[in-house]
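In the order they appear, the protein sequences are chains A and B. Residue numbers for the first sequence follow my numbering, beginning at 1 and rising by one. Residue numbers for the second sequence follow my numbering, beginning at 154 and rising by one. By construction, the Cβ of each residue, glycine as well, lies at the ideal position given by its N, Cα and C atoms. Structure record follows, encoded as structure tokens.
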Amino acid sequence: MSGQIEHKMEETVSGAFEPKIMAFVCNWCTYAGADLAGTSRMEYRPNVRIVKLPCTGRIDPLFIIKAFENGADGVLVSGCHPGDCHYTTGNYHARRRWIGFKSLLEFTGIDMRRLHFSWVSASEAIKWVDLINNVTDEVKRLGPFMEYKGLKP
Amino acid sequence: MPRIGVFVCQCGNNIAATVDTKKVTEEMAALPGVVYTCDYKFMCSSPGQEMLRQAIKDNRLDGVIVSACSPHMHEKTFRKASEAAGLNPYQCEITNIREQCSWVHHDETKATGTAKSIDLTRMTIERLKKNSPLKKIKIPVKKRALVIGGGVAGIQAALDIADGGIDVALVEREPSIGGNMARLSETFPTMDCSQCIMTPKMVEAELNERITLYTYSEVEKVDGYIGNFTVQIRRKARYVDEDKCTGCGECVEKCPFKAESEFELKLSKRKVIYTPFPQAVPNVPVIDAKNCPKIQKDKCGACALVCGPKCIDFKQEDKIVTEEFGAIVVATGYDLMPNEHFGEYGYGRIKDVISGMQFERLASASGPTGGEIRRPSDGKTPKSVVFIQCAGSRDEKKGVSYCSKICCMYTAKHTMLYSHKVHGGKPYVFYMDIRSGGKRYEEFVRKAIEADGAMYLRGRVSRVYEKGGKVIVQGADTLSASQVEIEADMVVLATALVSRPGADTLAQKLGIGYDKHKFYNEYHPKLRPVETVTAGIYLAGTCMGPMDIPESVAQGSAVASKVQALFSASEMAREPITSVVNKATCNACWDCVTACPYTAIEKESVKNRQGEVVRLLAKVNDGLCQGCGVCVAACRSKSIDLKGYTDEQVYAAINAF
Chain A
1 MSGQIEHKME
11 ETVSGAFEPK
21 IMAFVCNWCT
31 YAGADLAGTS
41 RMEYRPNVRI
51 VKLPCTGRID
61 PLFIIKAFEN
71 GADGVLVSGC
81 HPGDCHYTTG
91 NYHARRRWIG
101 FKSLLEFTGI
111 DMRRLHFSWV
121 SASEAIKWVD
131 LINNVTDEVK
141 RLGPFMEYKG
151 LKP
Chain B
154 MPRIGVFVCQ
164 CGNNIAATVD
174 TKKVTEEMAA
184 LPGVVYTCDY
194 KFMCSSPGQE
204 MLRQAIKDNR
214 LDGVIVSACS
224 PHMHEKTFRK
234 ASEAAGLNPY
244 QCEITNIREQ
254 CSWVHHDETK
264 ATGTAKSIDL
274 TRMTIERLKK
284 NSPLKKIKIP
294 VKKRALVIGG
304 GVAGIQAALD
314 IADGGIDVAL
324 VEREPSIGGN
334 MARLSETFPT
344 MDCSQCIMTP
354 KMVEAELNER
364 ITLYTYSEVE
374 KVDGYIGNFT
384 VQIRRKARYV
394 DEDKCTGCGE
404 CVEKCPFKAE
414 SEFELKLSKR
424 KVIYTPFPQA
434 VPNVPVIDAK
444 NCPKIQKDKC
454 GACALVCGPK
464 CIDFKQEDKI
474 VTEEFGAIVV
484 ATGYDLMPNE
494 HFGEYGYGRI
504 KDVISGMQFE
514 RLASASGPTG
524 GEIRRPSDGK
534 TPKSVVFIQC
544 AGSRDEKKGV
554 SYCSKICCMY
564 TAKHTMLYSH
574 KVHGGKPYVF
584 YMDIRSGGKR
594 YEEFVRKAIE
604 ADGAMYLRGR
614 VSRVYEKGGK
624 VIVQGADTLS
634 ASQVEIEADM
644 VVLATALVSR
654 PGADTLAQKL
664 GIGYDKHKFY
674 NEYHPKLRPV
684 ETVTAGIYLA
694 GTCMGPMDIP
704 ESVAQGSAVA
714 SKVQALFSAS
724 EMAREPITSV
734 VNKATCNACW
744 DCVTACPYTA
754 IEKESVKNRQ
764 GEVVRLLAKV
774 NDGLCQGCGV
784 CVAACRSKSI
794 DLKGYTDEQV
804 YAAINAF
């Protein structure tokens, strides 16, 4: 498998590959933080597509698998900082689920480096921008996610 | 087949500069179910909204997408416009192609922005196809308020709510309302006598026919949700019938036993049957059961013998009263850090080291010394007093990290009271900084220093010990870079304000949040300072953190306006984003119950025709559910879903990625 990745990296250097990143974010902190990046006219990589949810606690681990199945090369989950959850404890549930879910990912054939979990508050536009840029670059280096290609009918 | 309309906004040039809106509409028009598309300069303008309304009517649209700015900006606008055209407002969805597309991708060829806008809009369209019309939730409101805590904030809240024509129950843990403010001698910066401004308010609360006082009572249990709380109140046994007692005081007079007075902070004794202070409201005595020989070992009973109206009942027991309320105000106030905490300042070892609140009692005309400043050890008038500020405050290692906010001001007041009452007396103050932000506050402190001659020393105290009837205070004066030693007669500690003991238990009963200091959390520290995250529960005063009297009173009034607004209609409408259980598949594992932060999920029993319970099911209470969706992800059998963010909707968006 590592040989495959190296092969893809060569592709990347040529500049042909633009990864698709799906982001699951909460409505109150990260979505508002991403809005702030907009109102501040910052610039970041255009590869991310946001799915807004009320809270990271709403995220079913299956959403992440589904995203990969539907052609995502990387997935990002971001919500309010611990202690700042609009619903008091939703992000703790998300964190806990994440820890349990992580160990299943290797089994399902997903490279952990394709998946990112972060806390971005409504005021952290810069953090959001850096996050998207870093995630995009990292996934770009890893190349397209081929393992699930062809799974969909 | 759905009939969806897609409206792409150019936002002047804000979107159009980097997104080819025409191309977006063309691409979207090709999608199945999309029957109408258009782009327009300003969708949110009046003509823009009119266009939307007209298009819905003309094309019989059953769903609308507006690709424009953030939903946080104009979702409400467009949902309202859709509703005006006869569409269910929740059939209108927003795609954010400004904040999260055109403004952050500056590609002038428009290729990047257009491609992303197309993707985002397509995802929203697919999501919309799975939407179902939702109705706002109507909740009936019980127009009665509960105020917990009868200090100045709680009394103010109760009075203002009652002024709005609403019935209020005021619950107070102590035998009298009045709280900490009733203890104070004078108040800064105006030097009004605290009793003089507080007592009329207490009496007003007692006489107001809309206010029911539950003194010597505590909240036992809270059930329900905004508009419909059921609260159990424990009315602790007073051993005196409140309705019959005339407050003559004959029983107190005759009682032969004494115990330390809580109200006077152990500076004096009170009888075992007592009213905490002369102006107590209600003016009904209470028996201190722990120290009463009649109750403990059936000896004495003198009070019952002299009581004219025969209202003493040694057999009285705690009573639980259950009442319904639409809103709850929490105004439980503060406590002071126990003085025992300050061994290094000699507290406990040296009798003449007292707390600021004890000094208030010494200075109070109704206090144990009748307003004369006399030291506790031998009753002599102290010739010099050292005031130590920040005893526990701003001291993470020994006390609390925060500033208690009122100590700088009351210490300045204490020095003034002391110099006014003891001529030739010398007040010294050890301070870290003087924090006197507030109307006429700085002038007040300057007056204490300049006109009344308080000696302010910037530095900390290192040691306090007794020598020859004096209290020796050693400390640093950092401004003159020298060590100082003061032979004082008395030391007053400005101890830190802390939360009430049991503040956390009450918060758990109410389902509200608190910080690591057990001060209650407001919804938003700036913009929603008197609300909690639990709808229908409000906060006022120092239960949230240190604050002075004007702030507490302001919050009491602020809370009243919130309660009155809530009660202005007989029903309230709430966003219908709540969870719903699929009864056919729920297997009653209760994972959702454990996960829910709002205790919004109940166990419902299903009965057969004979009335026997055959199975249990989870049931969501729409009044409590805030729509976070934690239960949905927790459910193993996928039997619970969140309206507005259903699994189907989310998967539709992912599939359209």
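Can you list the alpha helix (DSSP H) stretches of 4 or more residues lying completely in the region 19-105 of chain A, in chain order?
Counting only runs of 4 or more, we get 30-39, 61-69.
Could you check which residue in B:H576, B:T230, B:N333 has the C-alpha nearest to that of L650 of chain B?
Distance from the Cα of L650 of chain B is smallest, within the candidate group B:H576, B:T230, B:N333, for B:N333.
Cβ-based contacts, 9 Å cut-off: residues of the region 219-243 of chain B near chain A
If the cut-off is 9 Å between Cβ atoms, the region 219-243 of chain B has C222, S223, P224, H225, M226 near chain A.
Whole angstroms are fine: how far does the CA of M226 of chain B sit from the CA of P328 of chain B?
Cα to Cα, P328 of chain B sits roughly 51 Å from M226 of chain B.
Completely contained alpha helix (DSSP H) runs for the region 645-733 of chain B, where each covers 4 or more residues:
Within the region 645-733 of chain B, the complete alpha helix (DSSP H) runs of at least 4 residues are 656-663, 702-719.
How big is the Cα-Cα spacing for E801 of chain B and I587 of chain B?
In a straight line, the C-alpha of E801 of chain B is about 60 Å away from that of I587 of chain B.
Since K358 of chain B and I364 of chain B should fall inside the 8 Å C-beta cutoff, what is the C-beta to C-beta distance between them, to a whole number of angstroms?
First, the amino acid is wrong: residue 358 of chain B is Ala here, not Lys. Right, their Cβ atoms sit about 5 Å apart.
From this set, B:M490, B:P703, B:M276, which residue's C-alpha is nearest A306 of chain B's C-alpha?
Nearest in C-alpha terms to A306 of chain B, of all of B:M490, B:P703, B:M276, is B:P703.
Straight-line Cα distance separating Y148 of chain A from E11 of chain A
A caution first: E11 of chain A carries a pLDDT of 43, below 50, which makes its placement in the model unreliable, though a value can still be read off. Linking E11 of chain A to Y148 of chain A through their CA atoms gives a straight-line distance of about 19 Å.
Starting from H258 of chain B, trace the beta strand (DSSP E) in both directions and tell me its first and last residue.
Segment: none, H258 of chain B is in no beta strand (DSSP E) and carries neither H nor E.
Using a C-beta to C-beta distance shorter than 8 Å, which residues of chain A count as neighbours of I807 of chain B?
M22, V51, F63, K66, A67, N70, listed in chain order.
Going residue by residue through the region 311-396 of chain B, where are the continuous beta strand (DSSP E) segments of at least 3 residues, counting only ones entirely within it?
Those beta strand (DSSP E) runs which fall completely within the region 311-396 of chain B and span 3+ residues are 320-324, 364-367, 370-378, 381-388.
If we require 3 or more residues per run, which beta strand (DSSP E) segments fall completely within the region 507-582 of chain B?
Segments of the beta strand (DSSP E) lying fully in the region 507-582 of chain B: 537-544.
Terminal residues of the continuous alpha helix (DSSP H) containing A455 of chain B?
Element bounds for A455 of chain B: 455-459.
Range of the contiguous beta strand (DSSP E) that encloses H116 of chain A:
Taken as a continuous stretch (DSSP letters only), the beta strand (DSSP E) holding H116 of chain A covers 115-119.
In whole angstroms, what is the alpha-carbon distance linking I690 of chain B and Y667 of chain B?
Rounded to the nearest angstrom, the gap between the Cα atoms of I690 of chain B and Y667 of chain B is 13 Å.
Say whether the region 769-776 of chain B touches the region 732-739 of chain B, bearing in mind that this needs 3 or more beta-carbon pairs closer than 8 Å, one atom from each stretch.
Touching, yes, given that three or more Cβ pairs across the two stretches are closer than 8 Å.
Return the Cβ separation of A67 of chain A and V77 of chain A in integer angstroms, given the expectation that the two are a contact with Cβ distance under 8 Å.
That pair is no contact at about 10 Å.
Given this structure, state the Cα-to-Cα distance separating V13 of chain A from R114 of chain A, to the nearest angstrom.
Low confidence applies here, because V13 of chain A scores a pLDDT of 43, under 50, leaving its location unreliable and the question unanswered by this model.
Reference E246 of chain B; option with closest CA among B:A722, B:Q207, B:V257, B:L287:
Comparing Cα-Cα distances from E246 of chain B to each of B:A722, B:Q207, B:V257, B:L287, the minimum goes to B:L287.
Along the region 781-795 of chain B, where does the CB come closer than 8 Å to a CB of chain A? Name the residues.
Answer set for the region 781-795 of chain B: C781, G782, V783, V785, A786, A787, L795.
Buried or exposed for K20 of chain A, please, with buried defined as at least 16 other CB atoms from any protein chain shown within 10 angstroms of its CB.
The residue in question, K20 of chain A, is buried, as its Cβ has 16 or more Cβ neighbours within 10 Å.
Which listed residue (B:L458, B:F672, B:A544) has its alpha carbon closest to that of K407 of chain B:
Ranking the options by Cα distance to K407 of chain B, first place goes to B:L458.
By Cβ distance below 6 Å, which residues in the same chain neighbour K671 of chain B in space, the five residues on each side in sequence not counted?
Exclusion of the five residues before and after K671 of chain B leaves S652, A656, D657 as the residues of its chain whose Cβ lies within less than 6 Å of its Cβ.
Taking all protein chains shown into account, decide if I473 of chain B is buried (16 or more other Cβ within 10 angstroms of its Cβ) or exposed.
In summary, I473 of chain B is exposed, with fewer than 16 beta-carbon neighbours lying within 10 Å of its beta-carbon over all protein chains present.
Cross-chain neighbours of R681 of chain B in chain A, by beta carbon under 8 Å
What R681 of chain B touches in chain A: nothing, since even the nearest Cβ is about 12 Å away.
Helix, strand or coil for C245 of chain B? Go by DSSP, reduced to three states.
The answer is strand: DSSP assigns C245 of chain B an E or B state.
Using a Cβ-Cβ cut-off of 8 Å, state whether C55 of chain A counts as contacting chain B.
It does; some Cβ of chain B falls within 8 Å.
Short CB-CB distance (under 8 Å) between G165 of chain B and chain A:
False, the Cβ-Cβ gap to chain A never drops below 8 Å.
Can you check whether the CB of M355 of chain B is closer than 8 Å to the CB of I386 of chain B?
Cβ distance not < 8 Å, so I386 of chain B and M355 of chain B don't count as in contact.
Burial state of M1 of chain A (16 or more Cβ within 10 Å):
Because M1 of chain A sits at a pLDDT of 38, beneath the cut-off of 50, its placement in the model cannot be relied upon, and the following sentence gives the value as read from the coordinates. By the 16-neighbour rule on beta-carbons within 10 angstroms, M1 of chain A is exposed.
Residues of the region 244-277 of chain B whose Cβ lies closer than 9 Å to any Cβ of chain A, in chain order
Shown in chain order are the members of the region 244-277 of chain B whose Cβ falls below 9 Å from a Cβ of chain A: N249, R251, E252, Q253, C254, S255, W256, V257, H258, H259, D260, T265, G266, A268, K269, D272, L273, M276.
Rank B:I541, B:Y555, B:K579 by C-alpha distance to the C-alpha of Y563 of chain B and give the top, closest one.
Residue B:I541 is the option with its Cα nearest to Y563 of chain B.
Beta-carbon proximity list for M9 of chain A, same chain, < 7 Å, skipping 5 on both sides:
Here M9 of chain A scores only 39 on pLDDT, less than 50, and its place in the model should not be relied on; the value that follows carries that caveat. R141, G143, listed in sequence order.
Could you tell me the alpha carbon to alpha carbon distance between E6 of chain A and D137 of chain A, rounded to whole angstroms?
With a pLDDT of only 41 at E6 of chain A, under 50, the local geometry of the prediction cannot be trusted, and no value is derived from it.
On the CB-based measure, 16 or more other CB atoms within 10 Å of its CB, does E603 of chain B come out buried or exposed?
The residue is exposed, with fewer than 16 neighbouring Cβ atoms inside 10 Å.
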